[in-house]
Ligand code: SAH
Ligand code: SF4
Ligand code: F3S
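In my numbering, the protein residues as written are 426 to 912.
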């Protein structure tokens with residue numbers, strides 16, 4: 426299943442050919458060619474965008490963050506939509522933006538429009554683009570994004586429209602990556618999902634679970650650390666299933682993490698997502714024992730009601746989840762816990778919803794990502810007759826966010842007075858005199874240097890990429906305030 430090195434080498438050759446073609450065009454006009462990649466989905470999707478940008482750079486395009494559909498000079502030469510379909514509103518938004526790009530193509534006919542990502546793995550989407558979005562040049566699936574140079578070459582040299590590539594369950598090793606951040610990096614450890622939660626489209630659009638080889642992952646983290654990266658986020662829809670396929674050498678996820686700790690100079694390791702049904706005691710131990718593994722865990726619960734969890738096909742009960750959280754807190758008392766929660770799953774009763782609220786109070790998550798159930802064609806839940814009316818869902822959603830916001834703020838307030846290690850990311854967005862960074866628990870801290878006791882001559886702020894100690898002085902719902910003391 427693994428992509429042979431010659432496959433990626435062939436893509437690099439094609440990218441080079443496009444680059445030469447582009448350089449000639451630039452020579453004639455003096456205008457650099459540009460490309461814009463729009464990301465709509467999760468971290469996995471963001472990381473795929475980094476690969477798309479890496480390949481586009483290899484083809485000689487400058488990457489621009491955004492585009493205009495009316496101003497000729499702000500219309501790039503390539504626009505890629507890296508789509509998500511986990512909820513309906515994401516899909517609606519994408520179709521809207523895709524339609525609008527038609528105008529840009531009228532102004533700049535040579536514009537290449539490509540669509541990839543999870544949405545394009547649905548047949549009806551490909552058909553709709555084929556028929557109603559004739560200005561789209563390229564449609565790729567999630568498994569063959571690495572072939573972008575091939576599709577671009579067909580479009581540029583043969584003027585062919587490339588819609589709906591063959592499905593491919595590949596592991597794209599060696600694809601160039603243009604990373605959005607300097608000191609933090611995403612590293613995919615596995616692709617796909619085999620869990621089939623009854624509401625979720627991901628297993629259908631991302632395919633079966635495939636794990637990368639431990640050696641390939643360790644090598645990537647090593648190279649990142651040697652290049653100045655301080656923190657890696659290991660990605661997979663369910664990282665605890667890492668290594669379960671036939672390809673690996675028996676290394677499980679905890680084993681992989683231990684290897685990364687031992688064999689690389691990376692300073693911080695995070696990972697997501699862990700499915701509660703198979704969070705292993707070994708992994709909890711690794712979080713407790715390995716200083717490089719951040720004491721932070723994202724553990725999506727979805728619901729606090731056992732019958733609702735059963736209908737969701739989550740394969741654990743409320744009690745099992747609570748027991749798991751107890752074990753995690755016992756092993757790592759100061760761990761930062763976050764979760765995903767869904768409201769309005771078909772048949773959700775008031776009592777089931779109350780159970781979810783009470784679970785929030787019991788666990789006291791630092792953060793919860795809350796979602797309203799969205800019907801996804803082809804999933805078992807979509808066929809259920811007992812969909813919850815939207816006014817009921819909205820009322821529940823408001824109560825849920827209110828409860829979690831209060832708890833999140835209280836948890837942050839409990840950190841005031843403590844000194845935490847913060848990875849400095851750069852100047853704060855709202856005030857260039859202040860810095861922003863992330864704690865080990867992945868909380869945002871906005872901080873300034875202590876003015877010192879000499880009457881206010883402010884001390885030098887640490888540079889981005891350093892891990893420094895910051896005293897927490899204030900708390901908001903979503904972030905912390907702090908002061909840095911030079912040591
Ligand atoms: N693999 C991850 C989740 C990926 S999707 C996990 O199991 O936790 C991220 C979140 O989107 C899910 O946790 C779920 O809360 C939400 N989600 C998935 N399908 C959804 C749907 N049909 N409607 C609303 N939210 C959904
Ligand atoms: Fe979707 Fe469930 Fe897989 Fe997560 S574990 S991606 S929610 S099917
Ligand atoms: Fe991610 Fe959306 Fe796909 S959440 S896996 S980009 S459907």
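Ideal Cβ placement from N, Cα and C applies to all residues, glycine included.
1. How many angstroms separate the CA atom of residue 592 from the CA atom of residue 618?
2. Taking the alpha carbon of residue 457 as the reference point, which residue from 445, 851, 764, 732 has its own alpha carbon closest?
3. Just to check, is the beta-carbon of residue 626 closer than 7 Å to a non-hydrogen atom of ligand 3?
4. Below 8 Å between beta carbons: does that hold for residue 466 and residue 542?
5. Grouping DSSP H, G and I as helix and E and B as strand, with all else coil, what is residue 929?
6. Report the rounded CA-to-CA distance for residue 844 versus residue 755, giving the unit in angstroms.
7. Going by DSSP, what residues sit across from residue 802 in a beta bridge?
8. Kindly list the residues whose CB is nearer than 8 Å to the CB of residue 828, restricted to its own chain and excluding five residues on each side of it in sequence; keep chain order.
9. Ligand 3 and residue 469: does any heavy atom of the ligand fall closer than 7 Å to the residue's C-beta?
10. Can you tell me the Cα-Cα spacing of residue 472 and residue 612, whole angstroms?
11. Cβ of residue 601 within 8 Å of Cβ of residue 769?
12. Report the three-state DSSP secondary structure of residue 686 (helix, strand or coil).
13. Does the beta-carbon of residue 858 have 16 or more other beta-carbons within 10 angstroms, so that it is buried, or is it exposed?
14. Excluding the five sequence neighbours on either side, which residues of its own chain have a C-beta within less than 6 Å of the C-beta of residue 649, listed in chain order?
15. Does the segment 685 to 694 come close enough to the segment 651 to 658 that 3 or more CB-CB pairs lie under 8 Å?
16. Could you check whether the Cβ of residue 739 sits closer than 7 Å to any heavy atom belonging to ligand 3?
17. Looking at ligand 3, does it come within less than 7 Å of residue 444, judged from the CB to the closest heavy atom?
18. May I have a chain-ordered list of the alpha helix (DSSP H) segments no shorter than 4 residues that lie completely inside the segment 735 to 787?
19. Can we count residue 618 as close to ligand 2, meaning its CB is less than 7 Å from some heavy atom?
20. Please state the DSSP three-state secondary structure of residue 472.
21. Please report the Cβ distance between residue 477 and residue 573, rounded to the nearest whole angstrom; I am assuming they are in contact, meaning their Cβ atoms lie under 8 Å.
22. Which residues does DSSP pair with residue 846 in a beta bridge?
23. May I ask you to check if the CB of residue 472 is nearer than 7 Å to at least one heavy atom of ligand 2?
Let me lay it out:
1. If you number the chain shown from 1, residue 592 lands on position 167. If you number the chain shown from 1, residue 618 lands on position 193. Going by the C-alpha atoms only, they are around 16 Å apart.
2. By 1-based counting over the chain shown, the position of residue 457 is 32. Ranking the options by Cα distance to residue 457, first place goes to 445.
3. Locating residue 626 in the chain shown gives position 201, counting from the first residue. Because some heavy atom of ligand 3 lies under 7 Å away, the Cβ of residue 626 counts as near it: yes.
4. Counting from 1 along the chain shown, the entry for residue 466 is found at position 41. Counting from 1 along the chain shown, the entry for residue 542 is found at position 117. Cβ distance < 8 Å, so residue 466 and residue 542 count as in contact.
5. For residue 929 there is no data in the structure shown, the boundaries of the chain being 426 and 912.
6. Residue numbering aside, residue 844 sits at position 419 when the chain shown is read from its first letter. Residue numbering aside, residue 755 sits at position 330 when the chain shown is read from its first letter. Approximately 22 Å, taken between the alpha carbons.
7. Here residue 802 refers to the residue found at position 377 when the chain shown is read from its first residue. Note: residue 802 is not bridge-paired with any residue in the DSSP secondary-structure output.
8. Position 403 of the chain shown holds residue 828. Counting only Cβ-Cβ distances below 8 Å, and skipping sequence neighbours, we find 782, 785, 786.
9. Locating residue 469 in the chain shown gives position 44, where the first residue counts as 1. For ligand 3, at least one heavy atom lies less than 7 Å from the Cβ of residue 469.
10. Locating residue 472 in the chain shown gives position 47, counting from the first residue. Locating residue 612 in the chain shown gives position 187, counting from the first residue. Taken atom to atom, the span from the alpha-carbon of residue 472 to that of residue 612 is near 8 Å.
11. Residue 601 sits at position 176 when you count from the first residue of the chain shown. Residue 769 sits at position 344 when you count from the first residue of the chain shown. Between residue 601 and residue 769, the gap from beta carbon to beta carbon reaches 8 Å or more.
12. Residue 686 sits at position 261 when you count from the first residue of the chain shown. Helix.
13. Reading the chain shown from its first residue, position 433 is the one you call residue 858. Looking at its Cβ environment, which holds fewer than 16 other Cβ atoms inside 10 Å, residue 858 is exposed.
14. As a working mapping, residue 649 is identified with position 224 in the chain shown. Taken in chain order, the residues that qualify are 610.
15. Remark: three or more beta-carbon pairs, one from each stretch, lie closer than 8 Å, so the segment 651 to 658 and the segment 685 to 694 are flagged as touching.
16. In the chain shown, residue 739 corresponds to position 314, counting from 1. With a cut-off of 7 Å, the C-beta of residue 739 is classified as distant from ligand 3, since no heavy atom of the ligand falls inside that distance.
17. Along the chain shown, read from residue 1 onward, the residue named residue 444 stands at position 19. Not so, every heavy atom of ligand 3 lies at least 7 Å from the Cβ.
18. For the segment 735 to 787, whole alpha helix (DSSP H) runs of length 4 or above, ordered along the chain, are 743 to 756.
19. Within the chain shown, the letter at position 193 stands for residue 618. Checking the Cβ of residue 618 against ligand 2 gives yes.
20. As a working mapping, residue 472 is identified with position 47 in the chain shown. Of the three classes helix, strand and coil, the one that applies to residue 472 here is helix, per DSSP.
21. If you number the chain shown from 1, residue 477 lands on position 52. If you number the chain shown from 1, residue 573 lands on position 148. At roughly 6 Å, the Cβ-Cβ gap stays under 8 Å, so residue 477 and residue 573 are in contact.
22. Here residue 846 is taken as the residue at index 421 of the chain shown, counted from 1. Paired residue(s): 894.
23. Counted from its first residue, the chain shown places residue 472 at position 47. A distance criterion of 7 Å places the beta-carbon of residue 472 beyond contact range of ligand 2, judged by its closest non-hydrogen atom.
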